[in-house]
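Enquirer: Once you've had a glance at the structure underneath, I'll fire off some questions.
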Ligand code: BGC
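In the numbering used here, the protein residues as written are 4 to 374.
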């Protein structure tokens with residue numbers, strides 16, 4: 004671990020790293036230096052990256068990303084219409100017919116195999132674009148067509164099993180995926196970019212998601228579960244509280260979820276994804292430490308939040324670059340070599356890691372000048 008760097012310097016570096024990697028098209032590549040991610044942008048990562056830039060004085064960067072998403076989604080309007088019609092006619096579309104998870108920087112699905120069909124990215128995007136619009140007084144109508152398409156897609160398919168944040172377990176309905184759909188549809192329920200009919204459908208679907216999560220998505224211990232029917236947690240579930248708002252900070256289920264994440268997955272400031280994680284040996288993810296910290300900050304526990312931020316910032320290398328995960332504490336070290344052999348060293352810099360540092364710092368009151 005590096006000595007504690009000055010927070011403003013770390014934030015300036017994070018903004019610089021994100022800005023330097025953002026494509027001319029507006030896309031944020033996840034990590035250009037990592038073989039398996041090179042040349043691709045995820046709606047999930049990008050939504051949080053845009054949120055970080057939007058909060059830290061870089062609204063133009065966030066707008067460019069949302070414009071890119073809007074162009075990408077524009078090409079899927081007809082496909083979503085057909086998928087919705089097919090589903091309503093009683094025939095569930097095949098996983099392979101659903102929208103991609105990631106796109107190349109031009110906005111095409113690309114030709115490399117990926118674990119496509121993940122709903123959360125579209126929910127996160129609807130959440131992020133509305134946050135950005137409200138924060139910078141931009142009319143969300145700028146992104147109307149894409150907002151409609153994503154809203155129709157989620158309102159119809161939110162309860163369909165799909166791959167999770169970690170691109171695993173396509174057979175399950177995952178807590179954090181449901182949470183992202185809830186946040187996106189809740190934003191749609193109030194969106195001036197949508198007609199009243201769509202706003203109503205979005206409101207109803209969001210209410211159903213929340214009811215489903217509370218009725219079926221909690222474990223006997225009173226915490227949200229990794230997927231419906233599971234008894235384990237996943238650190239991504241913290242997002243169901245902050246920022247996705249399924250539960251308010253301080254709510255007993257929210258508190259039980261954070262407590263379970265801490266008990267099972269937090270080791271000295273670093274947060275693991277889930278107990279069975281073998282990816283690169285199952286290390287600690289700075290972006291998840293920041294997500295947990297964001298939750299503590301909103302619940303009024305600023306000291307805990309600041310410690311988590313310090314830990315995340317301290318994972319930067321001498322050049323200020325933050326990786327996807329670190330290996331100071333591995334859950335399944337015997338699995339690390341197979342991943343290094345397959346894909347090379349851990350992804351770095353991971354733009355999503357940098358973005359979460361920007362978000363948590365902003366949440367705690369350190370905000371860089373507007374550019
Ligand atoms: C993670 C995803 C992430 C992607 C790009 C994958 O390893 O599982 O959550 O979106 O990397 O950063």
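Note that CB positions come from ideal geometry on N, CA and C, so glycine has one too.
For residue 153, count neighbouring C-beta atoms within 10 Å of its own C-beta (all shown protein chains included) and say buried if the count is 16 or more, exposed if not.
Expert: The sequence position of residue 153 within the chain shown is 150, counting from 1. Its Cβ being crowded by 16 or more others within 10 Å, residue 153 is buried.
Enquirer: My guess is that residue 134 and residue 197 are in contact by the Cβ rule of under 8 Å, so how many angstroms apart are they, rounded?
Expert: Position 131 of the chain shown, counted from the start, is the residue given in the question as residue 134. Position 194 of the chain shown, counted from the start, is the residue given in the question as residue 197. That pair is no contact at about 16 Å.
Enquirer: Say the cut is 6 Å; is the CB of residue 33 nearer than that to a heavy atom of the ligand BGC?
Expert: Working through the chain shown from its first residue, we reach residue 33 at position 30. Because some heavy atom of the ligand BGC lies under 6 Å away, the Cβ of residue 33 counts as near it: yes.
Enquirer: Beta carbon of residue 125: closer than 6 Å to some heavy atom of the ligand BGC?
Expert: In the chain shown, counting from the first residue as 1, residue 125 sits at position 122. Residue 125 Cβ: outside cutoff for every heavy atom of the ligand BGC.
Enquirer: Measure the C-alpha to C-alpha separation of residue 187 and residue 78 and round it to an integer number of angstroms.
Expert: Within the chain shown, residue 187 is the residue found at index 184, counting from 1. Within the chain shown, residue 78 is the residue found at index 75, counting from 1. When rounded, the distance between both Cα atoms is 20 Å.
Enquirer: Return the residue from the list 225, 115, 371, 57 that minimises the CA-CA distance to residue 130.
Expert: Taking the chain shown and counting its residues from 1, one reaches residue 130 at position 127. Of 225, 115, 371, 57, the residue nearest in Cα terms is 57.
Enquirer: Helix or strand or just coil, what does DSSP make of residue 4?
Expert: To locate residue 4, count along the chain shown from 1; it is residue 1. Residue placement at residue 4 cannot be trusted, given a pLDDT of 48 that sits under 50; what the coordinates show is reported in the next sentence. Three-state result, residue 4: coil.
Enquirer: By DSSP, does residue 273 sit in helix, in strand, or in coil?
Expert: Locating residue 273 in the chain shown gives position 270, where the first residue counts as 1. Residue 273: strand per DSSP, three-state reduction.
Enquirer: Three or more C-beta pairs closer than 8 Å, one from the region 9-17 and one from the region 312-322: is that the case here?
Expert: In short, these stretches touch, since the Cβ pair count reaches three.
Enquirer: Using 6 Å as the cut-off, classify the Cβ of residue 166 as near or not near the heavy atoms of the ligand BGC, replying yes or no.
Expert: In the chain shown, counting from the first residue as 1, residue 166 sits at position 163. Incorrect: residue 166 has no Cβ contact closer than 6 Å to the ligand BGC.
Enquirer: Taking the C-alpha atoms as reference points, what is the distance between residue 357 and residue 32?
Expert: Here residue 357 is taken as the residue at index 354 of the chain shown, counted from 1. Here residue 32 is taken as the residue at index 29 of the chain shown, counted from 1. Straight-line Cα distance between these residues: approximately 13 Å.
Enquirer: Could you give the distance in angstroms between the alpha-carbon of residue 4 and the alpha-carbon of residue 322?
Expert: Stepping through the chain shown from its first residue, residue 4 is reached at position 1. Stepping through the chain shown from its first residue, residue 322 is reached at position 319. Summary for residue 4: the model assigns pLDDT 48, below 50, so the residue's position carries little reliability, and this model does not support an answer.
Enquirer: What are the uninterrupted segments assigned as beta strand (DSSP E) that are 3 or more residues long and contained completely in the region 270-326, given in chain order?
Expert: For the region 270-326, not a single whole beta strand (DSSP E) run of length 3 or above is found.
Enquirer: What does the alpha-carbon distance come out to for the pair residue 38 and residue 234?
Expert: As a first step, residue 38 must be located in the chain shown, where it is residue number 35. As a first step, residue 234 must be located in the chain shown, where it is residue number 231. Cα to Cα, the separation comes out at about 34 Å.
Enquirer: Report the residue from 126, 65, 83, 207 whose alpha carbon sits nearest the alpha carbon of residue 139.
Expert: Taking the first residue of the chain shown as position 1, residue 139 is located at position 136. Looking at the Cα atoms, 65 is the closest of the given residues.
Enquirer: Counting pairs of beta carbons, one from the region 360-368 and one from the region 45-64, are three or more of them closer than 8 Å?
Expert: Flag = yes, the region 360-368 and the region 45-64 touch.
Enquirer: Determine, using beta-carbon pairs with one atom in the region 269-286 and one in the region 197-208, whether at least three such pairs fall under 8 Å.
Expert: These segments do not touch.
Enquirer: Given this structure, state the Cα-to-Cα distance separating residue 161 from residue 30, to the nearest angstrom.
Expert: As a first step, residue 161 is located in the chain shown; it is residue number 158 there, counting from the start. As a first step, residue 30 is located in the chain shown; it is residue number 27 there, counting from the start. So the two alpha carbons sit approximately 25 Å from each other.
Enquirer: Rounded to whole angstroms, what's the CA-CA distance from residue 44 to residue 304? Just pull it up for me.
Expert: Against the chain shown, residue 44 aligns to sequence position 41. Against the chain shown, residue 304 aligns to sequence position 301. Computed Cα separation, rounded: 33 Å.
Enquirer: Compute the distance between the beta-carbons of residue 194 and residue 143, then report whether it is under 7 Å.
Expert: Here residue 194 refers to the residue found at position 191 when the chain shown is read from its first residue. Here residue 143 refers to the residue found at position 140 when the chain shown is read from its first residue. Yes.
Enquirer: For residue 179, does the count of other Cβ atoms within 10 angstroms reach 16, so buried, or fall short, so exposed?
Expert: Numbered from 1 along the chain shown, position 176 holds the residue referred to as residue 179. Buried: at least 16 other Cβ atoms inside 10 Å.
Enquirer: Suppose you measure from the CA of residue 231 to the CA of residue 216; what does that come to, to the nearest Å?
Expert: By 1-based counting over the chain shown, the position of residue 231 is 228. By 1-based counting over the chain shown, the position of residue 216 is 213. Straight-line Cα distance between these residues: approximately 8 Å.
Enquirer: Excluding the five sequence neighbours on either side, which residues of its own chain have a C-beta within less than 8 Å of the C-beta of residue 1, listed in chain order?
Expert: The question about residue 1 has no answer, for the chain in this structure spans 4 to 374.
Enquirer: Compare the Cα-Cα distances from residue 68 to each of 21, 166, 92, 247 and report the closest residue.
Expert: Residue 68 sits at position 65 when you count from the first residue of the chain shown. It is 21 whose Cα lies nearest to the Cα of residue 68.
Enquirer: Please determine, among 301, 282, 46, 289, the residue with the shortest C-alpha to C-alpha distance to residue 338.
Expert: By 1-based counting over the chain shown, the position of residue 338 is 335. When each option's Cα is compared against that of residue 338, the closest is 282.
Enquirer: Roughly how many angstroms separate the alpha carbons of residue 15 and residue 96, rounded to a whole number?
Expert: For the purposes of this step, residue 15 is taken as residue 12 along the chain shown, with counting starting at 1. For the purposes of this step, residue 96 is taken as residue 93 along the chain shown, with counting starting at 1. Cα to Cα, the separation comes out at about 45 Å.
Enquirer: Which residues mark the beginning and the end of the beta strand (DSSP E) in which residue 105 is found?
Expert: Within the chain shown, numbered from 1, the residue matching residue 105 stands at position 102. 105-107 is the extent of the beta strand (DSSP E) around residue 105.
Enquirer: Would residue 367 and residue 300 qualify as a contact pair, given that the criterion is a beta-carbon distance under 7 Å?
Expert: Position 364 of the chain shown, counting from 1, holds the residue named residue 367. Position 297 of the chain shown, counting from 1, holds the residue named residue 300. Cβ distance < 7 Å, so residue 367 and residue 300 count as in contact.
Enquirer: Would you mind giving the Cβ-Cβ distance between residue 159 and residue 90, rounded to the nearest angstrom? I have them listed as a contact below 8 Å.
Expert: Locating residue 159 in the chain shown gives position 156, counting from the first residue. Locating residue 90 in the chain shown gives position 87, counting from the first residue. The Cβ separation is near 6 Å, so the contact holds.
Enquirer: Between which two residues does the alpha helix (DSSP H) containing residue 156 stretch?
Expert: As a working mapping, residue 156 is identified with position 153 in the chain shown. Looking at the DSSP string, the run of the alpha helix (DSSP H) that includes residue 156 is 147-160.
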